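Peer 1: First the structure, which I've put down as structure tokens, then a few questions once you've had a look.
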Amino acid sequence: MLRRDAISTATTVEDSSEETKYSGLTSQLIPNFDEVEFLLTKICDTTSIAEVELKLGGFQLRLMRDLSGKASTVPLPSPVPVVDTTTAASDLNGSINSQLLSKPLPFKRDIQTMLDNPADEGLVIIRSPRVGFFRRCRTIKGKRAPPSCNEKQVVEEGKVLCFVEHLGAEIPIESDISGEVIKILLEDGEPVGYNDALIAVLPSFPGIKKLQ
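Quick note: the sequence shown, position 136, residue 136 per UniProt numbering, numbers continuous.
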């Protein structure tokens, strides 16, 4: 009876030892997180593997992906427009020469949009100091002189751009800055109110404030 119990005990110990060995072997076969991540990274870096199936002990991994998609075409960038530069004439003293930047019309939107956001377009709006009528030129002895300025014309600071007829007198409206006349906002003879927009000018050096 004692010998039979000893044999049974020995068999149980042996079975437990085998289970322990198998369990240890199985745990060694299961990959850790870093190994799985490394494997997935390598697979994703390739373009020829569409399906992977991995079985290690109690670990199982299956990965499938579609390789039939075509590579997207990257659009070519639009060409950058070339900006022309023009040398301005010197001032009356002949002591200062400056480079005036000649640009195409910076926008193709309606006048109201331009008036609502002049700063966004880098524009300076010349406004009326009086109530009256817009005049593009002066009347001399009953005859109309040529227009004081035209669109796309480069003007100097202080140049008379137009006139406002007020109580029979023609008040000259001068430019506050040097630059290019982008848009004459009114037709000759149109009524104007105080601070109404008359002419849009693109400064020669946008963003640089005049020194006081």
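Every residue, glycine too, gets a C-beta built ideally from N, C-alpha and C.
Predicted model only: the values in this text are computed from it and were never measured.
With distances taken Cα to Cα, identify the nearest neighbour of P191 among T46, R138, H166 and D116.
Peer 2: Residue numbering aside, residue 191 sits at position 191 when the sequence shown is read from its first letter. Answer by Cα proximity: H166.
Peer 1: Measuring alpha carbon to alpha carbon, tell me which of I49, L123 and K183 ends up nearest E151.
Peer 2: Against the sequence shown, residue 151 aligns to sequence position 151. Among I49, L123 and K183, the Cα nearest to that of E151 is on K183.
Peer 1: In terms of residue numbering, what span does the alpha helix (DSSP H) encompassing C44 cover?
Peer 2: By 1-based counting over the sequence shown, the position of residue 44 is 44. C44 -> alpha helix (DSSP H) spans F33 to D45.
Peer 1: Strictly by DSSP, which residues pair up with R144?
Peer 2: The residue given as residue 144 occupies position 144 in the sequence shown. Answer is T139.
Peer 1: Which value, in whole angstroms, describes the spacing of the CA atoms of L198 and L123?
Peer 2: If you number the sequence shown from 1, residue 198 lands on position 198. If you number the sequence shown from 1, residue 123 lands on position 123. Distance between the alpha carbons of L198 and L123 is about 13 angstroms.
Peer 1: Alpha carbon to alpha carbon, how far is V201 from L185?
Peer 2: Taking the sequence shown and counting its residues from 1, the one referred to as residue 201 is at position 201. Taking the sequence shown and counting its residues from 1, the one referred to as residue 185 is at position 185. The straight-line gap from Cα to Cα measures roughly 11 angstroms.
Peer 1: Does the beta-carbon distance from R65 to E53 come in below 8 angstroms?
Peer 2: Along the sequence shown, one-based indexing puts residue 65 at 65. Along the sequence shown, one-based indexing puts residue 53 at 53. Not closer than 8 angstroms, so no.
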